[in-house]
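Engineer:
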Amino acid sequence: MTIDTFDGTGVKPSYWNLDHVVEQLRVSREATHNIRHHGKVRELPSREALTIIVNGLSAVLFPTHYGRPNLTDESIDYFVGDTLNTTLNRLTEQVRRGLQFSLEDATPDEEALTRQAHAITREFAAGLPGIRGLLVSDVQAAFSGDPAATSVAEIMLCYPGTIAILYYRLAHSLHRLGSPFLARLISDIGHSLTGIDIHPGAQIGGSFFIDHGTGVVIGETAIIGQRVRLYQHVTLGAKRFPADEKGTLIKGVPRHPVVEDDVVIYAGATILGRITIGAGSTIGGNVWLTQSVPAGSNVSQAQMRND
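Convert by adding 118 to the 1-based position in the sequence shown; the result is the number in my numbering.
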């Protein structure tokens with residue numbers, strides 16, 4: 119019996135019985151465990167490209183913090199314009215790819231798809247000044263709300279909550295404009311970097327501050343007002359998932375909390391269901407809350423144990 123031997127860099131393919139393995143993988147892909155779209159093979163958006171895109175958008179929004187440290191009053195607009203042009207061209211291609219997974223049409227017209235991608239990207243670009251304004255309010259909320267903060271630069275470079283919110287605000291804009299798959303990928307990249315999971319479908323007002331941040335989860339249909347502050351391991355989640363008569367989950371139903379203006383939620387609190395946390399309320403650490411509370415409430419663990 120002849121057996122293939124090591125050649126110093128590996129072994130011959132026949133040693134692994136690759137023909138059989140490849141054949142069985144094809145059977146799994148095309149028949150037994152087929153989950154592929156029943157149309158032409160579609161090119162997925164690239165996480166690597168999206169990382170470059172978000173870095174470029176960050177540099178456009180805050181050139182001296184996320185761009186180049188040696189920019190001057192004479193060069194900054196040129197840098198922003200050049201970076202924005204390059205980044206938007208890259209973004210258009212990723213939007214086009216993502217739209218293939220969002221449209222119901224199995225074989226969308228390629229020209230129409232490209233036109234739609236350009237339209238979404240153009241509208242997204244027009245919204246960047248507004249996004250920057252929201253992000254500035256978020257940074258200011260962090261600076262005024264954290265006694266440990268020594269500078270705006272520290273907040274923008276060292277605070278995971280700030281980075282997570284930046285990714286969220288960019289992703290939310292794309293989600294709102296009709297590119298949900300791409301938005302979800304951008305949010306997941308931000309989640310991987312910070313440990314903070316914010317669905318791009320959530321609606322979050324200005325002056326939003328996540329202190330420390332690790333383990334924070336904000337669901338798709340959550341609505342958060344102005345000047346809200348969260349601490350680490352806060353969950354704004356769903357209490358139950360409605361299903362149709364066949365038991366299939368119904369998607370898009372409002373199922374996450376509404377948090378009104380000026381609410382503070384301390385570490386470890388879990389708030390579930392479509393309930394409302396009234397304006398100016400404080401939710402204590404490790405509270406488990408599944409019922410609405412009126413404006414100005416102060417909810418602690420001891421109160422919840424007494425209920």
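The beta-carbon is built from N, C-alpha and C at its ideal position, and this holds for glycine as well.
Should the region 287 to 296 be called in touch with the region 346 to 361, which here means at least 3 C-beta pairs below 8 Å?
Structural biologist: no
Engineer: If you scan the region 221 to 256 from start to end, which runs of the beta strand (DSSP E) of 3 or more residues do you find wholly inside it?
Structural biologist: none
Engineer: Closest by CA to P278, which one among V139, T332, L217 and Y184?
Structural biologist: T332
Engineer: Tell me the residue span of the alpha helix (DSSP H) that contains T388.
Structural biologist: Looking at the DSSP string, T388 is not in any alpha helix (DSSP H); the run it does join, the beta strand (DSSP E), is T388 to L390.
Engineer: Helix, strand or coil: which one does DSSP assign to V417?
Structural biologist: strand
Engineer: Thinking C-beta only, is I304 closer than 7 Å to T169?
Structural biologist: no
Engineer: If I follow the unbroken alpha helix (DSSP H) through T353, where does it start and stop?
Structural biologist: Careful: T353 lies outside any alpha helix (DSSP H), inside the beta strand (DSSP E) at T353 to G355.
Engineer: What residue does the alpha helix (DSSP H) around G174 start on, and which one ends it?
Structural biologist: R165 to L179
Engineer: Using the three-state DSSP reduction, which class does V213 fall into: helix, strand or coil?
Structural biologist: Correct three-state label for V213: helix.
Engineer: Quick one: is Q409 buried, meaning 16 or more other Cβ sit within 10 Å of its Cβ, or exposed?
Structural biologist: Flag for Q409 reads exposed.
Engineer: Going by other Cβ atoms of all chains shown within 10 Å of its Cβ, with 16 needed for buried, is H138 buried or exposed?
Structural biologist: exposed
Engineer: For G398, I'd like the list of residues in its chain whose CB is within less than 6 Å of its CB, leaving aside the five on either flank, ordered along the chain.
Structural biologist: D380, A413 and G414
Engineer: Among residues of its own chain, excluding the 5 on either side of D425, which ones have a beta-carbon nearer than 8 Å to its beta-carbon?
Structural biologist: Reliability fails at D425, whose pLDDT of 46 lies under 50, so the model's placement of it is uncertain and the value that follows must be treated cautiously. Here the set comprises nothing.
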